[in-house]
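Only one structure is covered here, and it is reproduced in the block below.
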Amino acid sequence: MTHTDAAATVIAAEPEAVFAALVDAGARAVWLPPTGMTGRFEWFDARTGGGYRMVSTYDDASEVGKSGGNEDVADVRFAVVEAPHRVVEEVDFVSDDPAFAGTMTMTWAVEPIEAGSRVTVTATDVPDGISSADHAVAFASTLANLDAYLRGSAPAG
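Structure below.
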């Protein structure tokens with residue numbers, strides 16, 4: 081049975097700057113992979129109806145990825161790209177393991193607040209192979225990376 085996971089943070093940047101980092105391939109390759117992983121895009125088209133394929137590789141070669149070896153491969157469709165407030169992605173993991181089957185929806189919401197922006201990421205229909213505990217760690221890392229990227233410092237990676 082699938083589940084829903086979410087996390088949020090406050091980033092001292094205007095919503096337009098946060099949104100720009102959400103839809104830029106170069107930026108995403110830096111901040112999206114959680115600590116312990118690096119990522120690259122095979123292709124990227126940030127518009128409604130577009131999408132991307134991201135290959136994330138564990139820094140520790142002994143880690144087992146969802147897609148085999150030490151890699152996670154995700155095919156993603158942009159269902160909604162609504163500047164500067166929301167990006168909705170439909171994510172399918174390339175995996176032979178049925179625990180990672182199905183389409184997970186990731187919604188990135190950017191809300192203006194006095195301190196800058198509240199960024200919330202919500203994953204619905206999360207495959208059973210991804211625990212809420214693991215997602216919480218990954219989301220915290222990714223949001224911290226996004227904050228570091230927008231402050232002009234390198235994410236922890």
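Take the sequence shown: its letters are residues 81 to 237, numbered as in our numbering. C-beta: ideal position from N, C-alpha, C; glycine also.
Between the CA atoms of ALA101 and THR118 - distance to the nearest angstrom: Position 38 of the sequence shown, counted from the start, is the residue given in the question as residue 118. Position 21 of the sequence shown, counted from the start, is the residue given in the question as residue 101. Looking at the backbone, the Cα of THR118 and that of ALA101 are separated by about 17 Å.
C-beta atoms of ALA107 and PHE158 nearer than 9 Å: Start at 1 with the first residue of the sequence shown, and residue 107 comes out as number 27. Start at 1 with the first residue of the sequence shown, and residue 158 comes out as number 78. Using a Cβ distance threshold of 9 Å, ALA107 and PHE158 do not count as a contacting pair.
Residue closest to ALA195, alpha-carbon to alpha-carbon, out of THR89, GLU162, VAL174 and PRO113: Position 115 of the sequence shown holds residue 195. Nearest of THR89, GLU162, VAL174 and PRO113 to ALA195, Cα basis: THR89.
Rounded C-alpha distance that separates THR183 from GLY149: Taking the sequence shown and counting its residues from 1, one reaches residue 183 at position 103. Taking the sequence shown and counting its residues from 1, one reaches residue 149 at position 69. Whole-angstrom Cα-Cα distance: 22 Å.
VAL98 beta carbon less than 9 Å from that of PRO164: Locating residue 164 in the sequence shown gives position 84, counting from the first residue. Locating residue 98 in the sequence shown gives position 18, counting from the first residue. In this structure, PRO164 lies near VAL98, with their beta-carbon atoms less than 9 Å apart.
Boundaries of the beta strand (DSSP E) in which PRO192 is found, first to last residue: Taking the first residue of the sequence shown as 1, we reach residue 192 at position 112. Segment 183-193, the beta strand (DSSP E) holding PRO192.
CA-to-CA distance, SER147 to VAL153, given in whole angstroms: If you number the sequence shown from 1, residue 153 lands on position 73. If you number the sequence shown from 1, residue 147 lands on position 67. Spanning the two alpha carbons is a distance of roughly 6 Å.
Buried or exposed by the 16-neighbour rule on C-beta atoms within 10 Å, applied to ASP176: For the purposes of this step, residue 176 is taken as residue 96 along the sequence shown, with counting starting at 1. Label assigned to ASP176: exposed.
Helix, strand or coil at GLY209 according to DSSP, with G and I counted as helix: Counting from one through the sequence shown, the residue named residue 209 turns up at place 129. GLY209: coil per DSSP, three-state reduction.
Boundaries (first-last residue) of the alpha helix (DSSP H) holding GLY116: On the sequence shown, position 36 is the one that residue 116 refers to. If you look at GLY116, you'll find it isn't in any alpha helix (DSSP H); DSSP assigns it neither H nor E.
Nearest neighbour of MET134, chosen from GLY145, SER142, ARG120 and VAL144 [CA to CA]: Taking the first residue of the sequence shown as 1, we reach residue 134 at position 54. Just measuring C-alpha positions, the residue of GLY145, SER142, ARG120 and VAL144 sitting nearest MET134 is ARG120.
Every unbroken alpha helix (DSSP H) inside the region 82-166 [4 residues or more]: Secondary structure within the region 82-166: the alpha helix (DSSP H) runs of 4 or more consecutive residues, fully enclosed, are 95-102 and 105-111 (chain order).
Nearest candidate by alpha-carbon position, reference LEU223, set ASP205, THR82, TRP188 and TRP123: Residue 223 sits at position 143 when you count from the first residue of the sequence shown. Checked all of ASP205, THR82, TRP188 and TRP123; the closest Cα to LEU223 is TRP188.
Helix, strand or coil at ASP172 according to DSSP, with G and I counted as helix: Position 92 of the sequence shown, counted from the start, is the residue given in the question as residue 172. Under the three-state reduction of DSSP output, ASP172 falls in the strand class.
With 16 other Cβ atoms within 10 Å as the buried cut-off, status of ALA93: Locating residue 93 in the sequence shown gives position 13, where the first residue counts as 1. Buried, since its Cβ has 16 or more Cβ neighbours within 10 Å.
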